[in-house]
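In what follows, a single structure is set out as structure tokens and then discussed.
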Amino acid sequence: MPRALSIARVRVATENEGEYLAVVAELAALAEARGQHLWVFRHGGDPHSFVEFSESRGAADHRSVRSLSPRGIAALLYLGVAGLAIGNWFWQEGVAKLGATRAGLYLYLEPLATLALAVPLLGEPFGPFIALGGGLVLAGVYVGQRERPA
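Structure below.
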């Protein structure tokens, strides 16, 4: 079976070097358990750089999206752009306008948004206790957003 080799150069601040090497040691042990290998060397020309070499049983095993179908690549791009980048941008705008405390209350609405999609798309059950719980979440967010007298 062909093996795949990946190479990466990593810059690490001096104060984080111990933590980086500890994490690499853990990753190397995990890789070894899966029949993979990870080697890390200090870059000779730059004392803050390390070169990581990792080897696995095949390209699909390690650091590769080459085996993904076009639909899989589209799904990854959607998650990266729509799910992460745009969502993060909206969240940062909300924090800038409302402040972290008030914006944080909107995180309680996430399960309701999930439920709103899961009921029609996945056929999840919707009963009186779920409706009651959703109402309590909405009431809590409403109460938390009200202006408090000074």
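The opening residue of the sequence shown carries number 1139 in our numbering; numbering runs sequentially from there.
We put the CB at the ideal spot given by N, CA and C, even for glycine.
Keep in mind the model is a prediction, meaning the values are calculated, not measured.
Nearest in C-alpha terms to Ala1169, of all of Ser1194, Val1148, Ala1151, is Ser1194. When the beta-carbon positions are compared, Glu1262 and Ala1254 stay at least 7 Å from each other.
Annotated three-state conformation of Glu1190 is strand, per DSSP. A distance below 7 Å separates the beta carbons of Glu1190 and Val1178. The straight-line gap separating the alpha-carbon atoms of Val1162 and Ser1187 is approximately 14 Å. Here Val1150 carries a coil assignment [DSSP, helix/strand/coil]. Annotated three-state conformation of Phe1228 is helix, per DSSP.
Considering only Glu1231, Tyr1280, Leu1176, the residue with the shortest C-alpha distance to Ser1192 is Leu1176.
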